[in-house]
Amino acid sequence: EVQLEDAQVETLVSLKKESEVSAWKAQNEHHKIFKPYFEKRDEELKAIPQFWPIVFRNHSFLSVSTAAPGDADALKALESISVQRNEKDSREFSITFNFAENEFFSNKSFTKAYSVVGDKKDTPTADDIINFDPERDLTTTKVEIDWKSEEKNLVKKHPRTLDPDNEDVDAAGDPGSFFNFIAEEKDVLDIGPIIAEEVYPNAIDVFMGLEDGVMEDSDEEEDDEEDPNAEIDLEVGTRKEEATVRSPTMFCAISGEPPQEAVVSVKSGHLFEKRLIEKYINENGKDPISGEQLAVDDLVSVKSEPKNVAPRPPSLTSVPTLLSTLQSEWDSLVLETHSLREQYVNGRKDLAHALYQVDAAHRVIARLMVERDQAREALSNIQAGLGVAPAAEAAPANGGDVEMQEEEAASGLPADVVSNIDSVAAVLTAERKKRKVPEGAASKDTVKAFNAKDNLASFHSASPAGVNATALSNDNNLLITGGNDKHVQIYDRQEQKTIATLKGHTKKINALEWREKEGLKTLVVSAGDKRVRVYSKEEKGWKMTGEFKNRTGGEVTGMKVHPTKNYAISVGTNQTWSLHNLDTLETLLDVSPPDGESGDFEYQSVDIHPDGVIFATGTQSGICRIWDLKTSKIAANFESPNSHGPIVSLSFSENGYYLAAAFAGSSTIEIFDLRKLKSIHTIQLEEGVSSATTVRFDPSAQFLAIAGSDVRILANKTWEELVRFEDNASTVETLSWGLGGNELIASGLDRTIRALDGKVYDVTDFLPEHPGGSKIILKYGGKDATAEYDPIHPPDAISENLPPEKHLGRIDPMTVQDRIKETSQEEKESAARHAKKPPLGECLSLHDLEAVAKYVLTGKAWMYYSSGADDEITMRENHNVYHRIWFRPRILRDVANVRFDTSILGHKTSMPFYITATALGKLGDPVNGELNLTRSAAKNGIIQMIPTISSCSFDEMIDAALEDQVQFLQLYVNSNREVTEKFVKRAESRGVKGLFVTVDAPQLGRREKDMRMKFEDVGIARTISTLIDPSLQWSDLDWLSSITKMPIVLKGVQSWQDAVIAAESGCAGIVLSNHGGRQLDMAPSGLEILPEVVEALKARGLYNPSKFEIYIDGGVRRASDILKAVALGAKAVGIGRPFIYAYSAYGEDGSAVFLTSSVCMRLLGARSLEEVTPEMVNTANLNALAVPKGVFFYFIDLSHQSLTCYAIDNLFYSNYERLSGLNSKL
């Protein structure tokens, strides 16, 4: 032991006091220096709504102190906080809270001042500073709060209560309302010092959820590895097991002191003193920190090593013992000080040695530069002696290094290009080093909550199908796509329409990018036809303004616009990369493999580093080459032992540290670290999953998106999978991130653009207007109801019906209750049945498709599609009526060539039927829905009627159609006529050729089968019924005619009297229909009243098929049914349910099972529909009443007093001949 003299002890104590006084002075200066910053910061923060309330909510202590009922509502009015320090003694301060007008109190501000007790001194003594205890020596005064009413007085409603078991008379039991701190004379909980010392200086970090002020995922880390010994390993086997924690001293979340007996809540993870938390649970039944319900059984005992320091034993309370203990502690401090002094001396020696080495290195470099200059001079003399003229050498600019200039000249780049690249790189590098996650950027929780926001179907042609490239403009509005059809499309997301289609490339588009400079947008496109083209917007639209052709031949496989926005780099299969000037439209460089370099240079992909100085190319053989753009030299080569095959996609992270590479034919993605020049991680896809086609880091360098057979998003550095989307109809070929990583655009071979994000809307004001009533919205309020919403709403339903201000922001998944993500048991069983269904080739008729659909559909879907009104008598009669009409075939006619084509409203169709409007298509096919019908109509040359109520949006179905494809619109007239007028005009502007107004549904019928599924207690049909205006009447036809030039057809006429009025009113036609038997049960079928209508029109001189066309729908299942309707005067028939059953069972291919028309025509003896006349059918039993009896129908003809017996149609009781594959299942 070292024995010190009294004088030495006094010297050390004196030095300690000087140190404390110096620290106090430094603290005063610190607050003076930061004062202007805080004043500027506080002004800026006023523009951020709810900044301080969020700070309070994020801070662990203040969130508890403001947990009383009413505190959160009152604090919403908190606009700003300021802390003012005494410039002479920074220990004294005041806190001012500024409030907006609110319902609780009239005060606009509160100022809580803290001063040091005792005599005021300009400079406190060293003893004052050393012995200063804020809890003891700071005093404050209470502030009067002018409460607006006793009901709003939070201090009285939630007073602070004392803890009777604590020796401290001021110890709080329940802190009560936060405003007790303002109103009371004492600050018992030290809220003021916590706000002044912790919260106010670090307000921005607390607001961002970083209470300690340190970013969770710093990009400046050189090593991703962490010390495993620094982590707390808390393993809880069962709820009652104990866990052992090796950690520094822990603190109770209630008392802030080390617990004597520590326990942890398994729900919130907070640590508590067992005695305190059990008492709190018994009184309140919840977690004091998170507010969750908590029971004593939810606590886990914690053993800590070493043990937390226990109170001193009574033996250490005597003065001699304390002095001895203090002497021992002092001796330890002296020894530690001596050890630190030795380390300091050794550190100075090491630093001096390092400085000497640096100085020596400088001298060596200077000597080498002299020798280099001498060698150059000697070389110049030799060249002069040989008569060789030396190359002209420019003088170094600004004292620059000659060697660097020679290297730049060797690359062939003009000096101004090099200067431009350098200046932009310097700015971007400086910004990157200061980079933090941008405000508003997506978080992990935001990405986990992503779902499909938009599905924009049928971009580009169906043959050859596929979208290969996408890009978003900086404002996230303009989306460009390039496809296998050699075209580029520009889509305006705000207007929801394609505004331009750019043609000219002769092979598929493989890359495209926006070049946005000085407010102007330019489009750069590369394709397999060896060309890179530049498009600009002019007065007459988008036009090609320049073209770069691969001068050495070979396909252009990739292209990127440089960060300067002045240049673009393209690569190709000809082992050459090129640099293009987008301003002068000239190629600056064509770089071939460098001399001496071996290996593959057949490029498949390219990406440019965020700073623009280097870029990466991927080759056919899987080599990733890093190039220096200015010198055109290879800086590094990356090869992975784990991944093989062509590198089809490359992506630099925004921070410039990482490079992701996807390999064709490989189930791995490599992550290369440019700092370590090696692969640091391999992402392994699951067995059976196709290889990745593209990889993209997001703009904030937090996430990596990978596309292939699915789309998945991973967290940067940890490579944890956050979310996955597997509902793609085909391989995804391209990805584009939106602003801040808050959105991801995906597309591929299915030609569908998917926008993935998570948003939340305020629909409070929409409750009384919601077509399904307010009940369903209230049920799913605050929950993820995607599974219920998507099948019965088009994607644009919210954007079309809610104003933009109702979009509150992005989903915080921590606040979403009962997230509906699990596949239901019914859906799992349906998927299993799909796997067992018979092949499509076994289906010979529409009856077969209906049988398979019933087998594979979910109960909800089948009940909605197949349901009829009440007892479903009309629905059955719609089909039975065709069995009461017999043919009278003609013979010995030349029927070698028959035609089944006709025209509807003047538009050609290959068959005399159209796909009538059917609602909610995604109940049968959750991915494509009604788009199956659009594509089927295009394949078979028939007309589709677009429904008002659908799962796909109107624009999706329009965009999915081919260029000359004819589409009609079925219209439910809305109670808000402005909505209807806007919809009709929009349809006409998009090229719809006919308007079919539904007139048989002032209210949707009572469909008991559907209602039994208990879709919100009323059935799906009833849920959407309030879309329809029950006040629609004949006089409204004039209004409809005034808002459109489309021909108007009334759909749902059920009597000859109304048919006559329709003809007299100038309608283009009518549809004799009872809504598929789904409205009024016992209403007549369209076929049954068809002869009456024709006869009534002829009698009044109104029968003119060229000006007034008659259609019928309902019950058609055979080509013979169509011919019967045509023979009786129908122009065509509408078919609905069979098409739904077809695509529900077999997708788009299900429509291949069509009506066998040619056979029926030949056997009837008709070569065209014009030859199908009334004489070819026998309608004697058409108006007979059908009475079922056993396995027969007895038809009673009252007019002829006859009785006829026919077999019952098996369509309604079984199938005609069940499919062999379903015999054991149905």
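When you line the sequence shown up against the UniProt record's numbering, it's residues 1 to 1226, in that order.
C-beta atoms are modelled at their ideal positions from N, C-alpha and C, and glycine is treated no differently.
How many whole angstroms separate the CB atoms of residue i and residue j, which I take to be in contact at a CB cut-off of 8 Å?
| i | j | result |
| --- | --- | --- |
| V571 | V606 | 5 Å |
| A527 | I509 | 5 Å |
| N102 | S109 | Incorrect: roughly 12 Å between the Cβ atoms, too far for contact. |
| W627 | F615 | 6 Å |
| E988 | K908 | Not quite, the Cβ-Cβ distance comes to about 20 Å (not below 8 Å), so this is no contact. |
| L629 | I421 | 6 Å |
| V591 | S632 | 5 Å |
For residue i, count neighbouring C-beta atoms within 10 Å of its own C-beta (all shown protein chains included) and say buried if the count is 16 or more, exposed if not.
| i | result |
| --- | --- |
| K16 | exposed |
| T584 | exposed |
| V437 | buried |
| T238 | Only weak support exists for where T238 lies, its pLDDT of 37 falling under 50; the value from the coordinates is given anyway. So T238 counts as exposed. |
| P610 | buried |
| A394 | Because the pLDDT at A394 is just 38, under 50, the model does not fix this residue reliably, and the point stays unresolved. |
| M814 | At M814, the pLDDT of 48 sits below 50, so the modelled position is not reliable; the number obtained from the coordinates is stated separately. The residue is exposed, with fewer than 16 neighbouring Cβ atoms inside 10 Å. |
| D485 | buried |
| V1191 | Bear in mind that a pLDDT of 44 at V1191, under 50, signals an unreliable position, so the model cannot answer this. |
| V263 | buried |
| E336 | exposed |
| V388 | In this predicted model, V388 has a pLDDT of only 43, less than 50, meaning its place in the structure is not dependable enough to derive any value. |
| S14 | exposed |
Could you tell me the boundaries of the alpha helix (DSSP H) in which residue i lies?
| i | result |
| --- | --- |
| Q967 | No alpha helix (DSSP H) contains Q967, which is instead part of the beta strand (DSSP E) from 967 to 971. |
| Q27 | 6 to 45 |
| D154 | According to the sequence as given, residue 154 is Leu; it is not Asp. Unbroken alpha helix (DSSP H) run through L154: 154 to 157. |
| A1127 | 1119 to 1127 |
| V437 | No alpha helix (DSSP H) contains V437, which DSSP labels as neither H nor E. |
| E1092 | 1086 to 1099 |
| S989 | 977 to 989 |
Give a yes or no on whether the C-beta atoms belonging to residue i and residue j are separated by under 9 Å.
| i | j | result |
| --- | --- | --- |
| T506 | V488 | no |
| S709 | T731 | yes |
| G991 | I942 | no |
| P1138 | E850 | yes |
| residue 1230 | L1090 | This structure does not reach residue 1230, given that the chain is present from 1 up to 1226, and the question cannot be answered. |
| F104 | D73 | yes |
| L969 | I949 | no |
| G1165 | N932 | no |
| I608 | H580 | no |
| K537 | K543 | yes |
| R85 | K35 | yes |
| G482 | V525 | yes |
| A692 | F663 | yes |
| S679 | S640 | yes |
| E602 | N574 | yes |
| A1132 | E1109 | yes |
| H1075 | D1029 | no |
Along the beta strand (DSSP E) that carries residue i, what are the first and last residues, could you check?
| i | result |
| --- | --- |
| A471 | 467 to 472 |
| F97 | 93 to 99 |
| D848 | From DSSP, D848 is part of no beta strand (DSSP E) but of the alpha helix (DSSP H) over 846 to 856. |
| G519 | Premise fails: G519 is in no beta strand (DSSP E) and is neither H nor E. |
| field | Segment contact, 8 Å Cβ cut-off, at least three pairs: the segment 914 to 926 with the segment 935 to 945 | value | Yes, they touch.
| At least 3 beta-carbon pairs within less than 8 Å: the segment 1078 to 1093 vs the segment 1112 to 1127 | Contact annotation: the segment 1078 to 1093 touches the segment 1112 to 1127, with at least three C-beta pairs closer than 8 Å.
| task | Report yes or no: do three or more beta-carbon pairs, one from the segment 54 to 65 and one from the segment 187 to 205, lie closer than 8 Å? | result | Because the criterion of three Cβ pairs below 8 Å is met, the segment 54 to 65 and the segment 187 to 205 touch.
| task | Report yes or no: do three or more beta-carbon pairs, one from the segment 1122 to 1130 and one from the segment 1162 to 1178, lie closer than 8 Å? | result | The segment 1122 to 1130 makes contact with the segment 1162 to 1178; the number of CB pairs closer than 8 Å reaches 3 or more.
| message | Does the structure place the segment 993 to 1012 close enough to the segment 861 to 878 that three or more beta carbon pairs sit under 8 Å? | response | With three or more CB-CB distances shorter than 8 Å, the segment 861 to 878 counts as touching the segment 993 to 1012.
| message | Across the segment 1093 to 1109 and the segment 1053 to 1068, are there enough close Cβ pairs to call them in contact, namely three or more that are closer than 8 Å? | response | Taking a cut-off of 8 Å for Cβ pairs, the segment 1093 to 1109 and the segment 1053 to 1068 touch, as three or more such pairs fall below it.
| Is the segment 974 to 982 close to the segment 833 to 851, with three or more CB pairs under 8 Å? | Under the 8 Å Cβ criterion, the segment 974 to 982 does not count as touching the segment 833 to 851, having fewer than three qualifying pairs.
| message | Under 8 Å: do the segment 1043 to 1050 and the segment 1067 to 1074 share three or more Cβ pairs, one atom per stretch? | response | Verdict: yes, contact present.
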